[in-house]
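First up is the structure itself, then whatever we jot down about it.
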Amino acid sequence: MEHETIDFEQGWDDMQPSITKLKRFVEGLPESSFDASDYMMLYTSVYRMCIQKPPCNYSRQLYNKYGEVIEDYINSTALPALRENHDDEYMLLQELVKRWSNHKKMVKSLSKIFHYLEYSFIPFSSFAPLKEVSLACFRDLVYNKLQLKVKEAVVSLVDREREGVDIDRVLMKNVLEFYVEIGMGEMKIYEQDFESFFLEDTTSYYSSKASRWIQEDSFSDYTLKAEECIKKEKESVTNYLHSSSVPKLVKVVEHALLVVRGSQLLEKKHSEFSEIVQKLVTDADGEDTATKVQVLLRNIIEMHDKYMVYVTGSFQNQNLIYNTFKKAFESFCIKITSGSYSRDELLATFCDGIILKNWGSGELSDEGVEKVVKFLACISDEWDIFSELYRKKLARRLLSNRGANDDHERSILTKLKQQFGGSFTFKMEGMLKDMILSRENQNSFNEYAANNAKPGIGLTPNYKTFDINLPSEMVKCVEEFKDFYEMKTRSRKLTWIHSLRTCHINGKFDQKPIELIVSTHQAVLLLLFNTRDKLSYTDIQSQLNLSHEDLVWLLHSLSCAKYKILIKKPSTKTVSKTDVFEFNSGFTVGMRRIKIPLPPVDERKKASEDVDKDRRYETDAAIVRIMKGRRIPLPPVDERKKASEDVDKDRRYETDAAIVRIMKGMRVLGYQQLVSECVQKLSLMFKPDIKEIKKRIKDLIARDYLERDKENPTMF
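Numbering (numbering that gives the first Met the number 0), first residue to last: 0 to 715.
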């Protein structure tokens, strides 16, 4: 059945009443309705005018009318309402959200009515889809005219929230979603028309804040405020800004508050740092030297940990800030020690002191280990020097059973290995394994001794720095252990070392017996008085076979120091070759057990000098140390020299190995390339010396590991 042809003008006039009803319905006007019969009438009219044969096919005309209906709706409803609320920020944004919502409802209904155009006309023409037409109408008639006012209103509300005023975040979210929707889901309009403006305003806002804070606040207060601002900005973007704005916003805030003000913050930090240093030193006053050092060390590590929070958090590990922070701590470390000591000696002493006295009050926790390692990583680069010094101190701790237990030492080495690599801790891990093996051997020896000859003296392998004649009791014990050890292994040579061990001796004095904790050398000397009450200096020296300097060192600790176990005649403050020594049977002390320390190795010579002169020297040195900033005692010069020699030797080996590995891989290489590759590999362990690399290349050529090209001497 053929329908009667519909004239376009007549057909459109018939549709107008229903379209008007639709507009009123979308606006929510009273006594407005739009039911299914209205919808079917409009859809049928469009359908029939689209399927008529040319020239009565009015698809093109209906397409144009669709746009006209949208424009008329916007001009008659949206624009007047928005103009009324043009000057009020909240009202403008609320009306925009409402008008955009109504516009989407209108478009949705009209798209259904004109739906036949979507698959019978538009696909076969160059015209835009109906949705794009409706968006273009709203963008041209509303958005382009109001977008400046809208973004200013949004930014103004954001600034209000930054000042602590509550705002309607739901409204803000709807407005910012409008930017994305008006751009057909793409971010171009959002980024160009809103985000760039918003970020500029953010920069201006926080630059103004930073200008005031930098004048009023301390470094700590400023960084705390900066952290709080960054945190709040992150919270706000999750509530209404698009997720793509998060990293951009945070970067802008950090730049305005931290990067731009970086130099001023560093000046503040240096000033505060000096005050903190002075306070740390003051806090350590009133204690004995050892305790003072430990108080200062603990405070230094805690301070480093506190400021690292700012560097890694507020400053995002920026190179400028981190390097300045690192240099500041290095400078601080130099201030509290003598300028003649290297940074690595200081670090090794720091670490040794922390381990020996534990972290704080007792156990060295994993957190404490982590802090120590981070501190070391911050202020040292040449790890081979530090490694050598630390290894020597570890050896002393292990051999003397002082400081942290095996688990703590292993925990520290694990952290150091994670931070600096396996080559850093390889030797030290071997030392721990040797100590475990030594304990196993000791237990086995105890069982062996129980089942065989009993030496009469408890024995543990020891350390030795100079020769001494042992008494028969000790010789017997040594021989027993030697027999036991040779039964266990034939591939190792047993060397006896005594100086770092201690002995417990029962001293039978007139008033009461007292247990004396002394070094092996002191014990050997005291045992001589079991057979004779008096001994001259010459008698003691001949029996012990010690040098003058070493014997003075021992006798001074037993006759001239705090605990006078021996009486020296004449009663002077120095030891000479004509002195006579007698066991002090009248010695007494309030404790049942006392430890008699030896002076440090580098103080042996002082013990034989005049005490008054020694005190004057110490007083002068103390004054100089105080005026230079409270110095921390460091390893003796001879130990540092030995460590330096060992490191130089290891560096030569490492350099040779690196050159050979590079040449094995490349086979042929130019001089500059070889040096460059070698520097790159060695930089992981220490700062290479170009002159030393040249020397090692020449040495390897002389030893036939390398050879020069006969035609080109710069090629190897």
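Virtual Cβ for every residue (Gly too), placed ideally from N, Cα, C.
{"Asked": "Assumed close pair V25, N101 - CB separation to whole angstroms, cut-off 8 Å", "Found": "5 Å"}
{"Asked": "Residue-chain proximity (N505, chain E), Cβ-Cβ < 9 Å", "Found": "Protein chain content of the structure displayed is limited to a single chain, and chain E is not contained in it."}
{"Asked": "CB-CB length for R260 against I300, believed under 8 Å", "Found": "Going by Cβ atoms, the distance from R260 to I300 rounds to 28 Å, so no, they are not a contact pair."}
{"Asked": "Residue range of the unbroken alpha helix (DSSP H) whose run includes G573", "Found": "In the sequence under discussion, the amino acid at residue 573 is Thr, which differs from the Gly named in the question. Counting along the chain, T573 falls outside any alpha helix (DSSP H), and DSSP gives it neither H nor E."}
{"Asked": "Cβ-based neighbour list, K718, same chain, cut-off 8 Å, excluding 5 preceding and 5 following", "Found": "Since the first residue of the chain shown is 0 and the last is 715, residue 718 is not available in this structure."}
{"Asked": "Beta-carbon gap between L156 and L92 smaller than 9 Å", "Found": "yes"}
{"Asked": "Continuous alpha helix (DSSP H) stretch holding N505: start and end", "Found": "Run containing N505: none in the alpha helix (DSSP H); it sits in the beta strand (DSSP E), 501–507."}
{"Asked": "Start-to-end residues for the alpha helix (DSSP H) that takes in F409", "Found": "For clarity, residue 409 is Arg in the given sequence; the question names Phe instead. Segment 405–419, the alpha helix (DSSP H) holding R409."}
{"Asked": "Given K693 as reference, the closest of S110, T713, L436, D482 once Cα atoms are compared", "Found": "T713"}
{"Asked": "Neighbourhood of E691 by C-beta, 7 Å cutoff - its chain only, sequence neighbours within 5 removed", "Found": "T654"}
{"Asked": "3 or more residues per run - each beta strand (DSSP E) lying fully within the stretch 521–554", "Found": "533–535"}
{"Asked": "Three-state secondary structure assigned by DSSP to P54", "Found": "coil"}
{"Asked": "Counted within 10 angstroms of its Cβ, other Cβ atoms place F425 as buried (16 or more) or exposed", "Found": "exposed"}
{"Asked": "According to DSSP, residues forming a beta bridge with R594", "Found": "Position check: residue 594 holds Lys in this sequence, whereas Arg was assumed. Answer is I516, bridged to K594."}
{"Asked": "D669 in three-state terms, based on DSSP", "Found": "This sequence places Gly at residue 669; Asp is not what is there. Note: G669 maps to strand in three-state DSSP."}
{"Asked": "Identified DSSP bridge partners for M714", "Found": "G669"}
{"Asked": "Length of the line joining the Cα atoms of A135 and K104", "Found": "16 Å"}
{"Asked": "Beta-carbon contacts of E131 that lie in its chain and below 8 Å, excluding the five residues immediately before and after", "Found": "M183"}
{"Asked": "Minimum C-alpha distance to F244 - residue among D509, Q417, F196", "Found": "It is worth fixing the name first, because residue 244 is Ser in this sequence and not Phe. Of the listed residues, the one whose Cα sits closest to S244 is F196."}
{"Asked": "E3 to V45 span [Cα, whole Å]", "Found": "14 Å"}
{"Asked": "Where the beta strand (DSSP E) through I566 begins and ends", "Found": "565–568"}
{"Asked": "9 Å Cβ cutoff met for S133 and S110", "Found": "yes"}
{"Asked": "9 Å Cβ cutoff met for L524 and L554", "Found": "yes"}
{"Asked": "Cβ-Cβ separation, L256 to T201 (assumed contact under 8 Å), whole Å", "Found": "That belief does not hold up - the Cβ atoms of T201 and L256 are roughly 11 Å apart, past 8 Å."}
{"Asked": "Buried or exposed by the 16-neighbour rule on C-beta atoms within 10 Å, applied to P687", "Found": "buried"}
{"Asked": "Coarse secondary structure for I496, derived from DSSP in three states", "Found": "strand"}
{"Asked": "E232 versus A209: straight-line alpha-carbon distance, rounded", "Found": "16 Å"}
{"Asked": "Distance, L388 Cα to A657 Cα", "Found": "23 Å"}
{"Asked": "Straight-line Cα distance separating L515 from E226", "Found": "58 Å"}
{"Asked": "Buried versus exposed call for V169 [16 or more other C-beta atoms within 10 Å across all chains shown]", "Found": "exposed"}
{"Asked": "Secondary structure of E785, DSSP reduced to three states", "Found": "Outside the shown range of the chain, which is 0 to 715, sits residue 785, and nothing can be said about it."}
{"Asked": "Buried or exposed (CB count within 10 angstroms, at least 16 for buried), I384", "Found": "buried"}
{"Asked": "Every unbroken alpha helix (DSSP H) within the stretch 216–262, with a cutoff of 4 residues, ordered by chain", "Found": "218–238, 244–253"}
{"Asked": "Backbone CA spacing between N56 and R47 [nearest angstrom]", "Found": "9 Å"}
{"Asked": "Among T488, Q441, R390, nearest to T348 - alpha-carbon criterion", "Found": "R390"}
{"Asked": "Inside the stretch 12–86 only - beta strand (DSSP E) runs reaching at least 3 residues", "Found": "none"}
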